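Visitor: Numbering (my numbering), first residue to last: -12 to 279. Where is the CB? At the ideal position from N, CA and C, for every residue including glycine. Computed from a predicted structure; not experimentally measured.
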Ligand code: SF4
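#1: How is the beta strand (DSSP E) around residue 160 delimited, first residue to last?
#2: Can you check the region 191 to 271 for any alpha helix (DSSP H) of at least 4 residues that lies completely inside it and give the ranges in chain order?
#3: Please list, in chain order, all residues of the same chain as residue 244 whose beta carbon is under 7 Å from its beta carbon, the five residues on each side excluded.
#4: Considering only heavy atoms of the ligand ADP, does any lie closer than 7 Å to the CB of residue 177?
#5: What residues in its chain sit with their C-beta under 7 Å from that of residue 56, if we drop five residues either side in the sequence?
#6: Please work out which residues of its chain come closer than 6 Å, Cβ to Cβ, to residue 173, disregarding the five sequence neighbours upstream and downstream, and give them in chain order.
#7: For the region 177 to 195 against the region 263 to 274, are there 3 or more C-beta pairs whose distance is under 8 Å?
#8: Do residue 94 and residue 186 have their CB atoms nearer than 8 Å?
#9: Counting only the same chain and skipping the five closest in sequence on each side, list residues whose C-beta sits under 7 Å from that of residue 10.
#10: Since residue 75 is in the alpha helix (DSSP H), which residue starts that stretch and which ends it?
#11: If you check the beta carbons only, do residue 138 and residue 160 fall under 8 Å apart?
#12: Secondary structure at residue 279, three-state DSSP: helix, strand or coil?
#13: Please report the Cβ distance between residue 111 and residue 157, rounded to the nearest whole angstrom; I am assuming they are in contact, meaning their Cβ atoms lie under 8 Å.
#14: Which residues mark the beginning and the end of the alpha helix (DSSP H) in which residue 85 is found?
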């Protein structure tokens, strides 16, 4: 996710909390992230404590990333951890102790772990659980949405669609990863063999079930920025999915170092280069938010 899949690069800083603090040590599924840009706390839900993902993105910030799927999820433990942590945040002094003034607000609950969250068999149940806990704490869907940060590759599965449908009904949203529009680009960047038409179909399916933002990371590879043909192919995927179905594009650079062996081959685009890609996406009628 982080940028993983888990953390949009450059926008979020994991809270610095001493390891002996009882509030956070030992939690399996729940982790807080301070978003300085959004000015609040994002509550991350990590369904991949085994650092396993079915992709291998070159910019991934998950340490010790391995191929695989999420383990069996202990939903009772997830409920216990999330309810306990929310109680500390809302009724306790956790915010006052760890979060700077002006940022003491909960921004979202986000499935954004160390791997692909929809690979958890219990994903749909986990969505229902999060929505129920959020509602039980009186947090409104508009102010504290539940977000899914996903590579979207399992969207053809009925159990994943069920989870995304529940998310949509609960006022949530999806951030769906699309970094390239050719099979070669997807293989190089995401480490997976995948037909771009399949990506477009999965994106369309997802957007039908829940408001969906495309999450895109662009960077130089061996010093070469994405070519015009690369951008055209990428835009082609969004067009085949249906521009009108999409909420917009979250366009990221690589603000944080990759934890993968390919790290040395990738480098940041300038703000101007990213802006010029954003302008091309906007020409298609999409809203674009850029995080260099
Ligand atoms: S899809 Fe998997 S490999 Fe890619 S950034 Fe997300 S967690 Fe990392």
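Guide: In short:
#1: As a first step, residue 160 must be located in the chain shown, where it is residue number 173. Per DSSP, residue 160 belongs to the beta strand (DSSP E) from 160 to 164.
#2: 215 to 228 and 258 to 269
#3: Taking the chain shown and counting its residues from 1, the one referred to as residue 244 is at position 257. Cβ neighbours of residue 244 beyond the five flanking positions: 250.
#4: Looking for the ligand ADP in the displayed structure turns up nothing; the ligands present are the ligand SF4.
#5: Position 69 of the chain shown, counted from the start, is the residue given in the question as residue 56. Result list for residue 56: 39, 41 and 106, in chain order.
#6: Reading the chain shown from its first residue, position 186 is the one you call residue 173. Contacts found: 167 and 181.
#7: no
#8: Position 107 of the chain shown holds residue 94. Position 199 of the chain shown holds residue 186. Between residue 94 and residue 186, the C-beta gap is not smaller than 8 Å, which leaves the two residues out of contact.
#9: The count along the chain shown starts at 1 and reaches residue 10 at position 23. Unreliable positioning characterises residue 10 in this predicted model, as indicated by a pLDDT of 47, which lies under 50. The coordinate reading is nonetheless provided below. Closer than 7 Å at the Cβ level, and outside the excluded window around residue 10, lie 75 and 81.
#10: The residue labelled residue 75 in the question sits at position 88 within the chain shown. Unbroken alpha helix (DSSP H) run through residue 75: 62 to 78.
#11: By one-based count along the chain shown, residue 138 stands at place 151. By one-based count along the chain shown, residue 160 stands at place 173. In this structure, residue 160 does not lie closer than 8 Å to residue 138 by Cβ.
#12: By one-based count along the chain shown, residue 279 stands at place 292. Of the three classes helix, strand and coil, the one that applies to residue 279 here is coil, per DSSP.
#13: Working through the chain shown from its first residue, we reach residue 111 at position 124. Working through the chain shown from its first residue, we reach residue 157 at position 170. So it is not a contact: roughly 12 Å between Cβ atoms.
#14: Here residue 85 refers to the residue found at position 98 when the chain shown is read from its first residue. Looking at the DSSP string, the run of the alpha helix (DSSP H) that includes residue 85 is 81 to 85.
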